[in-house]
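Reviewing the structure listed below.
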Amino acid sequence: MKRDNPSPAEAVSPPLNLPLSISIIAMNEEARLGRCLESVSGLGREIIVVDSGSTDETQQIAEHYGARFIHNDWPGHVAQKNVALSYCTQPWVLSLDADEALDKELSQAVRGIIEADGPKAGYEMNRLTWFLGDWVWHAWQPEWRLRLVRREGAEWRGMDPHDYLTIPGRSGRISGYLLHFSFWNLEHFSRKIVDYGVISGDSLTDRGKKPGLRQLLGSPLARFIKTLLLRGGWRDGWRGVLIAYMTLMSGVLKYGFAMEAQMPGARRTLEEIRKKES
4 MKRDNPSPAE
14 AVSPPLNLPL
24 SISIIAMNEE
34 ARLGRCLESV
44 SGLGREIIVV
54 DSGSTDETQQ
64 IAEHYGARFI
74 HNDWPGHVAQ
84 KNVALSYCTQ
94 PWVLSLDADE
104 ALDKELSQAV
114 RGIIEADGPK
124 AGYEMNRLTW
134 FLGDWVWHAW
144 QPEWRLRLVR
154 REGAEWRGMD
164 PHDYLTIPGR
174 SGRISGYLLH
184 FSFWNLEHFS
194 RKIVDYGVIS
204 GDSLTDRGKK
214 PGLRQLLGSP
224 LARFIKTLLL
234 RGGWRDGWRG
244 VLIAYMTLMS
254 GVLKYGFAME
264 AQMPGARRTL
274 EEIRKKES
């Protein structure tokens, strides 16, 4: 059900200094990092920002919010998030992307969990995405992400670029929204789908997977039906229809790039593609 428009939380004042580390990875995120950090400022005892070589104002913004800024060359999504996790020193960790922010309700929920030293090993939060001028209430909903965890035993896993956080115990769910500001416009969304298609295809190839016609036809079509019909993406209007088609295309590219990589001499990394384009 559609709620009132959520908004990012503001810095907690005076600071609570809860036994919490906020972990973020970044790369040229000057336009979005401030909103992310503002929504968690004052919650925990430390903010860790692991950066892979920003050339904009990312470092200055991170340091303005008192974050510990660490450079680490890009090893991939999963590996970089584990690097950030390794620098965290507090018993609880809140792991975020630079294009995310806690809304007010979620900030209060996180505070309540830490203050009560909640009984679970981790807590999922529902991520709500802003897309082309409005919130996507159906096509990508619900999107539960495990982000608040006890540090002991927590680990990022997955197949780049799709990662997930694991814990040695049960998880719960907390109220509020993790606001996601991932896409500037349709061109940015389209480019991101192509980029992720290359990375996903390479990940399949690196794992020795050899998809065929069944995967190329079946998986993308199933995702299209799930997004548009089962999740009710059509209720998001033209945005939902667009998301469903782009979701289908992302699956086609993922398996298409993996199939292309099986051809002799056809393997190309995303960096090589970008160099060739420029």
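For the sequence shown, the numbering used here gives the first residue as 4, with consecutive numbering after it. C-beta atoms are modelled at their ideal positions from N, C-alpha and C, and glycine is treated no differently.
Limits of the unbroken beta strand (DSSP E) element including residue i
i	result
T61	From DSSP, T61 is part of no beta strand (DSSP E) but of the alpha helix (DSSP H) over 61-67.
T250	Segment 241-263 is the alpha helix (DSSP H) holding T250; no beta strand (DSSP E) there.
A104	103-105
D54	47-54
E158	158-162
V43	Counting along the chain, V43 falls outside any beta strand (DSSP E), though it belongs to the alpha helix (DSSP H) covering 36-43.
Y266	The residue asked about is misnamed: residue 266 is Met in this sequence, not Tyr. Here M266 belongs to no beta strand (DSSP E), and DSSP marks it neither H nor E.
L233	No beta strand (DSSP E) holds L233; DSSP gives it neither H nor E.
R71	71-74
T92	First-last for T92: undefined, no H or E at that position.
Contact check, residue i vs residue j, beta carbons under 8 Å
i	j	result
K84	D209	no
T132	S193	no
L46	V15	yes
S26	L109	no
G211	S253	no
L181	L105	yes
I50	I73	no
L231	V244	yes
Status (buried if at least 16 other CB within 10 Å, exposed otherwise) for residue i
i	result
R160	exposed
P145	exposed
S10	exposed
E155	exposed
P223	buried
L189	exposed
L233	exposed
M266	exposed
Neighbourhood of residue i by C-beta distance below 7 Å, restricted to the same chain and skipping five residues each side
i	result
A124	V152, R153, I170, P171, G172, R173, S174
P214	L207, Y258, A261, M262
D59	N31, E33
T92	S24, E49
T250	R226, F227, T230
Close Cβ partners of residue i (< 8 Å) along its chain, the five nearest in sequence each way excluded
i	result
R35	A101, D102, F184
Own chain residues within Cβ distance below 6 Å of residue i, not counting five before or after
i	result
K279	With a pLDDT of 49 at K279, under the threshold of 50, the modelled position of this residue cannot be trusted; read the value that follows with caution. Same-chain partners within the cutoff: there are none.
L219	Y258
W143	T132
R71	I51
V53	I28, I73, N75, V86, A87
DSSP-derived helix/strand/coil call for residue i
i	result
K205	In the sequence under discussion, the amino acid at residue 205 is Asp, which differs from the Lys named in the question. Correct three-state label for D205: helix.
F192	helix
H141	coil
A112	helix
V15	coil
E155	coil
M4	Note on M4: pLDDT 48, under 50, position unreliable in the model; the coordinate value appears next. Three-state result, M4: coil.
R210	coil
Residue i: CB within 7 Å of a non-hydrogen atom of the ligand GDP
i	result
L168	Annotation note on the ligand GDP: not contained in the displayed structure, which lists no ligands.
Span of the alpha helix (DSSP H), counted from its first residue to its last, around residue i
i	result
P223	216-228
S89	80-89
G175	Not the alpha helix (DSSP H): G175 falls in the beta strand (DSSP E), residues 174-183.
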